[in-house]
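**Q** Residue numbers (our numbering), protein chains in the order written: chain A, 1 to 286; chain B, 287 to 572; chain C, 573 to 858; chain D, 859 to 1144.
There are 4 protein chains.
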Amino acid sequence: MTLSAQPGNKSDRPLTGREKIYLVIFGTETPMGRLFDEILLVAILVSVSVVVLGSISALSNAYGQWFSSIEWFFTVIFTIEYGLRLYCSPNPFRYARSFFGVVDFVSIIPTYVAFFFFPSAEYLLIIRLLRILRIFRVLKLIRYLREANILGRSIYNSRRKILVFFFSILVLVTIYGALMYVIEGSEHGFSSIPKGMYWAIVTITTVGYGDIAPQTELGRMLAALVMLTGYAIIAVPTGIITSELVGEMQKDKNLRVCPNCDRLGHDNDAIYCKHCGSPMEQKSTG
Amino acid sequence: MTLSAQPGNKSDRPLTGREKIYLVIFGTETPMGRLFDEILLVAILVSVSVVVLGSISALSNAYGQWFSSIEWFFTVIFTIEYGLRLYCSPNPFRYARSFFGVVDFVSIIPTYVAFFFFPSAEYLLIIRLLRILRIFRVLKLIRYLREANILGRSIYNSRRKILVFFFSILVLVTIYGALMYVIEGSEHGFSSIPKGMYWAIVTITTVGYGDIAPQTELGRMLAALVMLTGYAIIAVPTGIITSELVGEMQKDKNLRVCPNCDRLGHDNDAIYCKHCGSPMEQKSTG
Amino acid sequence: MTLSAQPGNKSDRPLTGREKIYLVIFGTETPMGRLFDEILLVAILVSVSVVVLGSISALSNAYGQWFSSIEWFFTVIFTIEYGLRLYCSPNPFRYARSFFGVVDFVSIIPTYVAFFFFPSAEYLLIIRLLRILRIFRVLKLIRYLREANILGRSIYNSRRKILVFFFSILVLVTIYGALMYVIEGSEHGFSSIPKGMYWAIVTITTVGYGDIAPQTELGRMLAALVMLTGYAIIAVPTGIITSELVGEMQKDKNLRVCPNCDRLGHDNDAIYCKHCGSPMEQKSTG
Amino acid sequence: MTLSAQPGNKSDRPLTGREKIYLVIFGTETPMGRLFDEILLVAILVSVSVVVLGSISALSNAYGQWFSSIEWFFTVIFTIEYGLRLYCSPNPFRYARSFFGVVDFVSIIPTYVAFFFFPSAEYLLIIRLLRILRIFRVLKLIRYLREANILGRSIYNSRRKILVFFFSILVLVTIYGALMYVIEGSEHGFSSIPKGMYWAIVTITTVGYGDIAPQTELGRMLAALVMLTGYAIIAVPTGIITSELVGEMQKDKNLRVCPNCDRLGHDNDAIYCKHCGSPMEQKSTG
């Protein structure tokens, strides 16, 4: 409903074959449409697993032929699916240019390219893995969508604050990285400012590999400062997301409906509808 | 009360012996029942400690015989306890199939199995450790339960959001792992996509062992991106749990109703209704 | 005011010498009392710094004699201070048994013990460092106290939830540690269940030293699970503290005073005082 | 507007040349002023990038002459800009002493100093990097400022709580560091109390390099305690910032007043007052 218009759904004339296919492939309200999405979900998971497992040399040496066959099987399946989507879509061009249209297309190309042009091109693996993104579309059929919406909306609402935050981090990381480059120098692994910035990011995010670590007294004192800074500012994105989520979830709970205009979002202590001004009955909240 | 019905508790006829045992073993309201639970708590902690200490080779070489004896002592105790539970339960079959019934049964088996069949089977240790789960049942006697309930309810309420979140993490980890596999390759430890995914999880959760770390420039740039991503999304589960807890704790506080105007939202220390000014009875809060 | 009654403060008779000393040493309201606390703060910081710096062998070899003299100087100062506190306190026995009384006493003993009995006992260093705890008493003179109170109250209010949380962590760590002990075994560093538990704590808290790390496929899969668990549950203490702080700070902000009974803590939308039921004027909030 | 008064902006007399330059350099409301800020932003980013890239020996060996030329180009540009700011400012002395005045001055000096006095002084690099701080001034032209304000205000409001928190951390770190120094000793890398404190900071912030790690049983038990402490208190700064942000964002949303009954707390999308039902004018929100 949200991603695509459903042609002929509410009119009385019988559906054409193309419209029936549309309802199955794009829709999620009919039993067939739901079944299609479930099969597609399994197909995507299996095809992604094959790519992942195929990268383990022990497995690909032993079962390489099998993996290749399964790969081709799913490529053909997904090619047919892509063709059907183009065929039955009321606006094929718009589908082809949409995000999932591009993902659908890009994820079937690598097998053909690898076959005809670059047989052993490893980097094509990643493109094949893009199929996994299609799972998000299939997930629209299950009821986890509302939860994903709240999360997504919270992150979207706080995007500017997060950008400001990351920009400040970047400035901090540049200055810390340069300081460590000057203090520790090449002999302790800080061979350039970018390497110092890498160390600063590893430290400020509290990952701490330990592949590059300060070894002078002064470097360790600065490192302690960087860590405590990181400790303090790890609180900031948390605070941003949390306060957005608190707001979103409160909004989600304020499900009082105006008896006059049917709109939602009224506070629990509202006596008059904030949209149309008509009185609301007092509702007891559990 | 919540986990089991107490037979004959409120009727006037005298209790049978089986019902008395039931009250001691399953109940927590009588002094005997509380004493039983406290002894059981100590027994579980000691028996788990014996398993943990028995894994230290220096200790098991020196005191192996002692550990074995204590092991058998508790196995017999717990076997008797299990038998009594089956005997006095008004519905033995339902108890045997319940979660704690299964834990009770499974945690006494390993000693017998190790004795009769596989004397040195190390993996049985873990099954014996399941006894520790019984502590959660015993804990119902102490007043920390209300706190555990608020925590549990918050986590339960946000289970779908957390699932959506972990699913997104998994997709991200798969793509990052594949990218690192292609960029760094086997010579730097990224010998397969699953290994790359392991690295991505180690990095995105900010654990950062450093056993596998990027060594190329491009790999380090991607790693920095992964870390900053991890830094940002560590905020999401925190936000989910926090906003649930804020809600749960508010609900916990806002359940006082004014007897005159029936409105909610009064503080625990309110003596008069803040809306109509009529007195509220003092309610004791645990 | 909170920790000790001030004798003679509000009566009209002139203060005795002992009471004057009391006001300087224990009080913070007179200029002399404030000066005394400030000098004490500096003395504590310097004496702690001497202990810390004295542990660096390069410094203690070069300036050992100086450190020893400063050590003795402060020990004598703190001994005199302790004597004065005992002398002027209206209830010396109660002071001697109080938390800070014990810290005051314990922190002057080590120097004498080291001189008369164990000249080079290194572990006495730590006892001397306990002096640093006295800073918290001195800090009561500055205005950061109100902030410390809000923090302290929040942590105190959520102590039960945090205990329940840590108890669950401990059960989880025991089970994970035992699993890794069985999966990885001694040859990969997991030589006992306690060592596995140490690894589980290092991992679940996202510290990740990397001194012990899984090396088998199965071990790495379990480790990934442990990390994701840690990632999710790091949210729980954050949620607990945050929701308490949100509540505490709101309470702190609700500074509406009832014109009749002068009590605080009224909600912004309160029309009648929740304590005495008399009407409150509407106050505009910025 | 906030940082500087704009001379002659609202009077009717024509602007002098100096005032026109002022509007372009300091102002952000005219198209020219906005263009100037955008060019300055790019110039700062490029000049900082040159310093960062110049630290990579491979690049500086190959393109050293180019980097030097670009360096001089930007130094001349920024010198002219600094001169113009001094010339057109209505109060040059006040500008020169302001934070950004000092940064502007300090960031052009290093190139001259390096040329005339210390040709290869590496530490001057960092001073040149201070230019990056000027970005924050330029950013005032874009609309991310409001978000930065909310973040900044939240951190500013919670500065005392954060100070109290860091002070407690420091006391904890000192005591933990001294304990580990005594327990593990020099042979395991804990060669002094400051080094133990460095380890304690690395551990409590969950960075965990692993360059210094406990190796005795007792040391590992203490380390586990330090980690769990760190795990619990990582929640505190998060809680502080989050509760401030929740408050700030609520304040941001709740400033709409009903023109009829003067009550607050209306949602941004409210058309009618929820208390009295009278219409509210629509207010556009950024």
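The beta carbon of each residue, even a glycine, is placed where N, CA and C say it ideally should be. Predicted model, so just to flag it, every value in this text is computed and none were measured.
What are the start and end residues of the alpha helix (DSSP H) that includes arginine 732/C?
**A** Note, arginine 732/C: alpha helix (DSSP H), 731 to 756.
**Q** Can you give me, in chain order, the residues of the region 774 to 806 of chain C that have a beta carbon less than 9 Å from any beta carbon in chain A?
**A** So the list reads Thr778, Val779, Gly780, Tyr781 and Gly782, given in the order they occur along the chain.
**Q** So, using beta-carbon positions, are alanine 1082/D and isoleucine 734/C closer together than 8 Å?
**A** For alanine 1082/D and isoleucine 734/C, no; Cβs fall outside 8 Å.
**Q** Spatial neighbours of serine 1012/D within its chain, please: C-beta separation below 7 Å, excluding the five flanking residues on both sides.
**A** These residues qualify, in order along the chain: Ile1099, Glu1102, Leu1103 and Glu1106.
**Q** In three-state DSSP terms, what is leucine 370/B?
**A** Three-state result, leucine 370/B: helix.
**Q** Shorter than 8 Å from the beta carbon of proline 237/A to some beta carbon of chain B?
**A** Answer yes: the Cβ-Cβ gap between proline 237/A and chain B drops below 8 Å somewhere.
**Q** Please work out which residues of its chain come closer than 8 Å, Cβ to Cβ, to aspartate 676/C, disregarding the five sequence neighbours upstream and downstream, and give them in chain order.
**A** Once the five neighbours on either side are set aside, the close Cβ partners of aspartate 676/C are Phe650, Glu653, Tyr654, Arg657 and Arg706.
**Q** Write down every uninterrupted run of the alpha helix (DSSP H) in the region 884 to 928 of chain D whose length is 4 residues or greater and which is fully enclosed by it, in chain order.
**A** Runs found: 889 to 912.
**Q** By the criterion of Cβ-Cβ separation under 9 Å, what are the contact partners of valine 1145/D in chain C?
**A** Because chain D here runs from 859 to 1144, residue 1145/D falls outside it and cannot be looked at.
**Q** For leucine 514/B, which of Ala486/B, Thr524/B and Val328/B has the nearest alpha-carbon?
**A** That would be Ala486/B, whose Cα lies nearest to the Cα of leucine 514/B.
**Q** Taking buried to mean at least 16 other C-beta atoms within 10 Å of its own C-beta, is phenylalanine 451/B buried or exposed?
**A** Classification of phenylalanine 451/B: buried, given that the 10 Å Cβ count is 16 or more.
**Q** Would you mind reading off the limits of the alpha helix (DSSP H) that contains proline 285/B?
**A** Because chain B in this structure spans residues 287 to 572, residue 285/B falls outside the shown range and cannot be described.
**Q** Using CA coordinates, which residue listed in Gly319/B, Thr524/B and Glu357/B is at the minimum distance from serine 333/B?
**A** Minimum Cα distance to serine 333/B is reached at Glu357/B.
**Q** With a threshold of 8 Å between beta-carbons, can proline 872/D be considered close to chain C, or not?
**A** Chain C contact via Cβ: absent.
**Q** Tell me where the alpha helix (DSSP H) around aspartate 390/B begins and ends.
**A** Taken as a continuous stretch (DSSP letters only), the alpha helix (DSSP H) holding aspartate 390/B covers 385 to 392.
**Q** Using 8 Å as the cut-off, can you tell me whether the region 952 to 960 of chain D makes contact with the region 916 to 933 of chain D, which would need three or more C-beta pairs spanning the two stretches below that distance?
**A** With the cut-off at 8 Å, the region 952 to 960 of chain D and the region 916 to 933 of chain D do not touch.
**Q** Excluding sequence positions up to five away, which residues of its chain have a Cβ less than 7 Å from the Cβ of threonine 588/C?
**A** Hits under 7 Å: none found.
**Q** Determine, using beta carbons only, whether isoleucine 155/A comes closer than 8 Å to chain D.
**A** No, its Cβ sits nowhere closer than 8 Å to a Cβ of chain D.
**Q** Any chance you could list the alpha helix (DSSP H) runs of at least 4 consecutive residues sitting entirely within the region 1055 to 1096 of chain D, in chain order?
**A** As far as the region 1055 to 1096 of chain D is concerned, its whole alpha helix (DSSP H) runs of at least 4 residues are 1075 to 1091.
**Q** Which of the three DSSP states is assigned to glycine 761/C in this structure?
**A** Coil, per DSSP.
**Q** Among Ala329/B, Ala344/B and Arg304/B, whose alpha-carbon lies nearest the alpha-carbon of proline 378/B?
**A** Checked all of Ala329/B, Ala344/B and Arg304/B; the closest Cα to proline 378/B is Arg304/B.
**Q** Taking only beta-carbon positions, decide if phenylalanine 150/A is within less than 8 Å of chain D.
**A** In the sequence under discussion, the amino acid at residue 150/A is isoleucine, which differs from the phenylalanine named in the question. No - not a single Cβ of chain D is within 8 Å of the one on isoleucine 150/A.
**Q** Measure the alpha-carbon distance for valine 1094/D versus serine 730/C and round it to whole angstroms.
**A** Straight-line Cα distance between these residues: approximately 12 Å.
**Q** Kindly indicate which three-state DSSP category asparagine 149/A falls into: helix, strand or coil?
**A** Helix, per DSSP.
**Q** So does the region 482 to 499 of chain B actually touch the region 772 to 781 of chain C, counting three or more Cβ pairs closer than 8 Å?
**A** The region 482 to 499 of chain B, when compared against the region 772 to 781 of chain C, does touch it at the 8 Å Cβ threshold.
**Q** Can you tell me which of the three DSSP states leucine 15/A falls into?
**A** Leucine 15/A: coil per DSSP, three-state reduction.
**Q** Report the neighbours of threonine 1100/D on chain B: residues whose CB is nearer than 9 Å to its CB, in chain order.
**A** Per Cβ cutoff of 9 Å: Thr524, Gly525 and Thr528.
**Q** When you compare the CB of phenylalanine 738/C with every CB in chain B, is at least one pair closer than 8 Å?
**A** No, because no Cβ of chain B sits closer than 8 Å to the Cβ of phenylalanine 738/C.
**Q** Kindly indicate if chain B contains any beta-carbon less than 8 Å away from that of lysine 592/C.
**A** Not one chain B Cβ lies under 8 Å of lysine 592/C.
**Q** Taking CB distances under 8 Å as the criterion, tell me whether tyrosine 770/C reaches chain D.
**A** Answer yes: the Cβ-Cβ gap between tyrosine 770/C and chain D drops below 8 Å somewhere.
**Q** Can you list, in chain order, the residues of its chain with a C-beta nearer than 6 Å to that of threonine 602/C? Leave out the 5 residues immediately preceding and following it.
**A** The residues are Leu595.
**Q** Measure from the C-beta of isoleucine 175/A to each C-beta in chain B and report whether the shortest distance is under 8 Å.
**A** Answer no: the Cβ-Cβ gap between isoleucine 175/A and chain B never drops below 8 Å.
**Q** What residues from chain D crowd round proline 194/A, counting only those whose CB sits closer than 9 Å?
**A** Neighbours of proline 194/A on chain D, chain order: Val910, Leu911, Ser913 and Ile914.
**Q** Does leucine 245/A have its Cβ less than 8 Å from a Cβ in chain B?
**A** Judged by the 8 Å Cβ criterion, leucine 245/A is in contact with chain B.
**Q** Determine, using beta carbons only, whether isoleucine 461/B and glycine 505/B come nearer to each other than 8 Å.
**A** Against a cut-off of 8 Å, the Cβ pair of glycine 505/B and isoleucine 461/B comes out as no contact.
**Q** Do you know whose CA, among Pro662/C, Phe739/C, Ile741/C and Ile765/C, lies nearest leucine 751/C's CA?
**A** Comparing Cα positions, the closest option is Ile765/C.
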